[in-house]
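J.: What follows is a structure written as structure tokens; I'll ask about it next.
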Amino acid sequence: MGLSVRFLVRRALYAVLTFFIALLMIFIIPRLIAVSPVEIIAASQQLPPSVIKLLTAQFGLDKPLYIQFLLYIKNVVFTFPPNLGFSYEYYPQSVWSMLVISLPWTLFLVGSSVAVSAFVGTMAGLYAGMNRGKALDKLLTYTSMATQSMPYFWIAIMFQIILAVVLRLFPIGGAISITDTSPVMSLEYIQDVLYHAMLPMITIVVATTPVYAIIMRNTLADIIREDYMVAGEAKGLRKSRLYYKYGLRNGILPIVSLIAVHFGYVVGGALLVEIVFSYPGVGTLLFNAILSHDYPMIQGVFYILGITVIGANFIADLIYSYIDPRIRYS
Amino acid sequence: MKIRESKLERLFRTESGTDTFLKKLLMSRGGMTGLIILCALAVISLLSSVIAPYSPYAIIAKPYLSPSSVHLFGTDGLGRDIFSQMIYGTSLSLEIGFVSAIGITTIGTLVGIVSGYVGSYVDEVLMRFVDVMLVIPSIAFMIFVSTIMGPGVISVLTVIIVFGWPPMSRMVRSQVLSLKKRGFVESAVVSNSTKPFILFRMILPNITSLILANALLAVIYAIIADASLAFIGLASTTSYSWGTVLYNAQVEGAIYHNGILWITLPGLAIAVTGIAMTLLARAFGDITDPRYSTEGR
Numbered sequence: 018m019g020l021s022v023r024f025l026v027r028r029a030l031y032a033v034l035t036f037f038i039a040l041l042m043i044f045i046i047p048r049l050i051a052v053s054p055v056e057i058i059a060a061s062q063q064l065p066p067s068v069i070k071l072l073t074a075q076f077g078l079d080k081p082l083y084i085q086f087l088l089y090i091k092n093v094v095f096t097f098p099p100n101l102g103f104s105y106e107y108y109p110q111s112v113w114s115m116l117v118i119s120l121p122w123t124l125f126l127v128g129s130s131v132a133v134s135a136f137v138g139t140m141a142g143l144y145a146g147m148n149r150g151k152a153l154d155k156l157l158t159y160t161s162m163a164t165q166s167m168p169y170f171w172i173a174i175m176f177q178i179i180l181a182v183v184l185r186l187f188p189i190g191g192a193i194s195i196t197d198t199s200p201v202m203s204l205e206y207i208q209d210v211l212y213h214a215m216l217p218m219i220t221i222v223v224a225t226t227p228v229y230a231i232i233m234r235n236t237l238a239d240i241i242r243e244d245y246m247v248a249g250e251a252k253g254l255r256k257s258r259l260y261y262k263y264g265l266r267n268g269i270l271p272i273v274s275l276i277a278v279h280f281g282y283v284v285g286g287a288l289l290v291e292i293v294f295s296y297p298g299v300g301t302l303l304f305n306a307i308l309s310h311d312y313p314m315i316q317g318v319f320y321i322l323g324i325t326v327i328g329a330n331f332i333a334d335l336i337y338s339y340i341d342p343r344i345r346y347s
Numbered sequence: 008m009k010i011r012e013s014k015l016e017r018l019f020r021t022e023s024g025t026d027t028f029l030k031k032l033l034m035s036r037g038g039m040t041g042l043i044i045l046c047a048l049a050v051i052s053l054l055s056s057v058i059a060p061y062s063p064y065a066i067i068a069k070p071y072l073s074p075s076s077v078h079l080f081g082t083d084g085l086g087r088d089i090f091s092q093m094i095y096g097t098s099l100s101l102e103i104g105f106v107s108a109i110g111i112t113t114i115g116t117l118v119g120i121v122s123g124y125v126g127s128y129v130d131e132v133l134m135r136f137v138d139v140m141l142v143i144p145s146i147a148f149m150i151f152v153s154t155i156m157g158p159g160v161i162s163v164l165t166v167i168i169v170f171g172w173p174p175m176s177r178m179v180r181s182q183v184l185s186l187k188k189r190g191f192v193e194s195a196v197v198s199n200s201t202k203p204f205i206l207f208r209m210i211l212p213n214i215t216s217l218i219l220a221n222a223l224l225a226v227i228y229a230i231i232a233d234a235s236l237a238f239i240g241l242a243s244t245t246s247y248s249w250g251t252v253l254y255n256a257q258v259e260g261a262i263y264h265n266g267i268l269w270i271t272l273p274g275l276a277i278a279v280t281g282i283a284m285t286l287l288a289r290a291f292g293d294i295t296d297p298r299y300s301t302e303g304r
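From first to last, the protein sequence lines are chains A and B.
Read left to right, the first sequence gives residues 18 to 347 (this note's numbering).
Read left to right, the second sequence gives residues 8 to 304 (this note's numbering).
Following this line, the structure appears as structure tokens:
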């Protein structure tokens with residue numbers, strides 16, 4: 018037993034490499050497109066000259082490019098908390114301090130939605146795969162075609178109009194009620210948070226569940242032809258036992274890797290959904306930063322999303338190797 | 008039975024090959040539906056200046072008018088005709104969709120073929136890069152790049168193509184890899200055929216339909232990406248795509264000004280286009296996938 022060390026080291030190296038390339042892109046693209054470097058880090062005109070001087074020194078903005086890059090790496094990787102510069106809109110708040118407040122909301126939203134949609138999607142896909150060509154199977158095919166053809170955030174707007182504005186079942190936006198003064202972690206507070214998170218979550222779940230379901234359904238179509246399934250059927254196993262014990266266990270693997278590959282897409286969509294519901298996560302932070310040309314903040318958001326998504330992919334790799342011995346021992 | 012075919016006849020035979028392809032496409036219900044929708048959209052965008060009663064920028068009535076016979080979808084917060092904006096939007100959205108799809112398909116196919124056919128370290132480097140691109144949250148990166156490039160059609164096209172090609176290259180590569188091991192390619196390699204011949208005359212024709220099907224899906228990916236960028240205010244403010252209309256509807260508070268149609272229609276237009284593309288892509292796949300084909304090859 019135990020995870021193969023070689024496998025772990027290789028995946029960790031990939032994660033680090035990916036992160037490094039992402040950093041390189043964050044560093045190089047603004048400089049390629051000729052915005053003055055001080056502006057990128059500090060949105061110069063709006064900051065006091067003393068701060069600009071400080072940042073110029075910290076990020077070496079008057080030095081050659083490679084030194085700038087090394088300093089950048091030092092500031093964002095080897096400093097804790099990472100020095101991502103100052104937000105110009107919320108000055109004197111640093112970019113990092115703003116990110117730390119917003120990120121948990123986004124993670125909460127994306128994490129719980131992905132958990133729900135992966136579970137529901139897997140089960141629906143399994144059922145559709147067991148009954149191919151039946152009503153649910155067809156419904157699934159058409160729903161996935163429809164949801165994949167719609168902008169994510171537009172689905173959010175539709176839910177907002179129908180469920181919040183017309184039916185008044187849920188709040189139109191925000192993460193907690195303005196009137197909510199109950200202490201954090203009290204029952205009322207948690208209820209309030211869940212109540213507000215409901216619409217954004219429903220949107221993400223509706224948009225992503227069909228993806229998982231279709232993958233499960235199609236994987237099952239291949240699994241059915243495997244020898245162990247044929248043997249199980251010949252042995253006279255009940256259909257439900259055959260599918261849940263044999264089919265689901267093997268079909269879950271592509272789902273796990275899909276969650277990883279798909280995670281960046283879900284986070285990206287969640288950003289836009291947050292904007293629709295003015296949910297105080299990273300998406301709304303990004304939106305405001307764009308409106309006010311707050312370059313340091315935009316860079317910071319991208320930095321934190323990069324870490325999150327790459328980290329999630331790495332964790333998915335670990336889970337995958339844990340549940341599939343074939344990978345562990347290869 | 009004829010023993011020899013003239014060049015002309017051979018040409019005609021391939022002609023009839025495309026003929027049955029078209030026929031099959033028209034016979035499948037999904038393919039037909041997709042084709043009809045696509046044609047309708049094409050007509051709307053070609054004739055946009057004829058169909059639209061007003062310029063999309065012209066302030067021609069009071070702001071926030073409800074839909075009426077004069078202004079089918081009402082007017083926006085400045086008093087501009089939303090119906091006209093939607094019509095002009097069709098044209099720009101489709102242009103962005105198809106131009107991006109061409110770019111994505113070209114780059115994706117090239118990288119995929121090179122990676123799959125050349126193999127070794129070239130493949131390793133290219134695919135590691137693709138891995139990285141696939142992990143990075145593309146919409147966030149698109150936002151990042153286009154804030155720096157500034158809003159506009161060019162920057163939208165650039166970011167959509169730059170972040171759109173990696174999945175395509177993955178797909179092409181895996182196809183090339185499996186074709187490389189097939190008998191007719193291996194025999195060509197053994198019989199000393201040139202590499203360009205094998206690539207462009209043997210491998211490429213066998214994956215064309217798959218590439219086309221994926222190109223159709225790239226169109227809808229690009230239209231949605233454009234709408235997403237527009238939605239956070241990064242599309243051009245001087246030209247209308249469906250995304251721009253949707254952005255205005257959201258920013259100008261359409262929900263509170265009887266603007267249900269205004270905020271619903273752009274998304275619906277995108278969804279209908281997307282469904283048409285998906286149906287067509289599927290019909291393509293069903294016709295050309297040999298597993299479903301009754302004629303043996």
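No residue lacks a Cβ here, since even glycine has one placed at the ideal position from N, Cα and C.
Computed from a predicted structure; not experimentally measured.
#1: Using a Cβ cut-off of 8 Å, pull out every chain A residue sitting near LEU241 (chain B), in sequence order please.
#2: Is it buried or exposed, PHE136 (chain A), if we count other Cβ atoms within 10 angstroms and call 16 or more buried?
#3: Return the bridge partner residues of SER111 (chain A) from the DSSP annotation.
#4: So for ARG255 (chain A), helix, strand or coil by DSSP?
#5: Tell me whether the beta-carbon of VAL137 (chain B) lies closer than 8 Å to the beta-carbon of ARG177 (chain B).
#6: Considering only C-alpha positions, which residue in the set A:ARG185, A:ILE269, A:ILE179 and A:ILE46 is nearest to MET156 (chain B)?
#7: From the DSSP secondary-structure annotation, give me the bridge partner or partners of ARG87 (chain B).
#8: Going straight from the alpha carbon of ASN267 (chain A) to that of ILE240 (chain A), what length do you get?
#9: Buried or exposed for LEU116 (chain A), please, with buried defined as at least 16 other CB atoms from any protein chain shown within 10 angstroms of its CB.
#10: Assuming SER145 (chain B) contacts PHE170 (chain B) (C-beta within less than 8 Å), just tell me the rounded distance between them.
#11: Measuring alpha carbon to alpha carbon, tell me which of B:LEU219, B:TYR263 and B:ILE227 ends up nearest PHE291 (chain B).
#12: Tell me where the alpha helix (DSSP H) around SER162 (chain B) begins and ends.
#13: Drop a sphere of 10 angstroms on the beta-carbon of THR215 (chain B), count the other beta-carbons inside from all chains shown, and report buried for 16 or more, exposed for fewer.
#14: Check distances from the C-beta atoms of the stretch 21-54 of chain A to those of chain B and list, in chain order, the residues that come in under 8 Å.
#15: Can you pull out the residues from the stretch 44-68 of chain B whose beta carbon lies closer than 7 Å to at least one beta carbon of chain A?
#16: Say whether chain A places a C-beta atom closer than 8 Å to the C-beta of GLN182 (chain B).
#17: Any Cβ of chain B within less than 8 Å of the Cβ of GLN110 (chain A)?
#18: Establish whether the CB of ILE315 (chain A) and some CB of chain B are separated by less than 8 Å.
#19: Please report the straight-line C-alpha distance between SER100 (chain B) and THR280 (chain B), rounded to a whole angstrom.
#20: Check whether the Cβ atoms of ALA230 (chain A) and TYR169 (chain A) lie closer than 8 Å to each other.
#21: Quick check on GLY274 (chain B) - is its C-beta less than 8 Å from some C-beta in chain A?
#22: Tell me which residue opens and which closes the alpha helix (DSSP H) that SER194 (chain A) is part of.
#23: Bridge partners for THR82 (chain B) per DSSP, in chain order?
#24: Taking C-alpha atoms, which residue in A:HIS213, A:PRO81 and A:LYS80 lies nearest to LEU126 (chain A)?
#25: Going by DSSP in three states, ARG48 (chain A) sits in which element: helix, strand or coil?
#26: For ALA234 (chain B), decide whether its Cβ has a neighbour in chain A, counting only Cβ atoms nearer than 8 Å.
#27: What residue range is occupied by the uninterrupted alpha helix (DSSP H) comprising GLN316 (chain A)?
#28: Within 10 Å of its beta-carbon, does GLN208 (chain A) have 16 or more other beta-carbons around it, so buried, or fewer, so exposed?
#29: Going straight from the alpha carbon of GLU106 (chain A) to that of SER309 (chain A), what length do you get?
#30: Roughly how far, in whole angstroms, is the beta-carbon of SER91 (chain B) from the beta-carbon of PRO63 (chain B), given that I think they are within contact range, below 8 Å?
#31: Would you identify the three-state DSSP class for GLY266 (chain B), choosing helix, strand or coil?
#32: Closer than 8 Å is the cut-off here; do at least three beta carbon pairs connect the stretch 283-299 of chain A with the stretch 250-260 of chain A?
#33: For SER235 (chain B) and LEU49 (chain A), I'd like the C-alpha separation in whole angstroms.
#34: In the structure shown, what three-state DSSP assignment does ALA32 (chain A) receive?
#35: Applying the criterion that 16 or more other CB atoms from any shown protein chain within 10 Å of the CB defines a buried residue, is PRO313 (chain A) buried or exposed?
#36: Using the Cβ count rule (16 or more neighbours within 10 Å means buried), how would you classify THR139 (chain A)?
T.: Judging by the given coordinates:
#1: ILE307
#2: exposed
#3: A:PHE103
#4: coil
#5: yes
#6: A:ILE46
#7: B:ILE66
#8: 8 Å
#9: buried
#10: 4 Å
#11: B:LEU219
#12: 160-187
#13: exposed
#14: TYR31, LEU34, THR35, ILE38, ALA39, MET42, ILE43, ILE46, PRO47, ILE50 and VAL52
#15: none
#16: no
#17: no
#18: yes
#19: 10 Å
#20: no
#21: yes
#22: From DSSP, SER194 (chain A) is part of no alpha helix (DSSP H); its letter is neither H nor E.
#23: B:ASP88
#24: A:HIS213
#25: helix
#26: yes
#27: 312-340
#28: exposed
#29: 7 Å
#30: 5 Å
#31: coil
#32: no
#33: 24 Å
#34: helix
#35: buried
#36: buried
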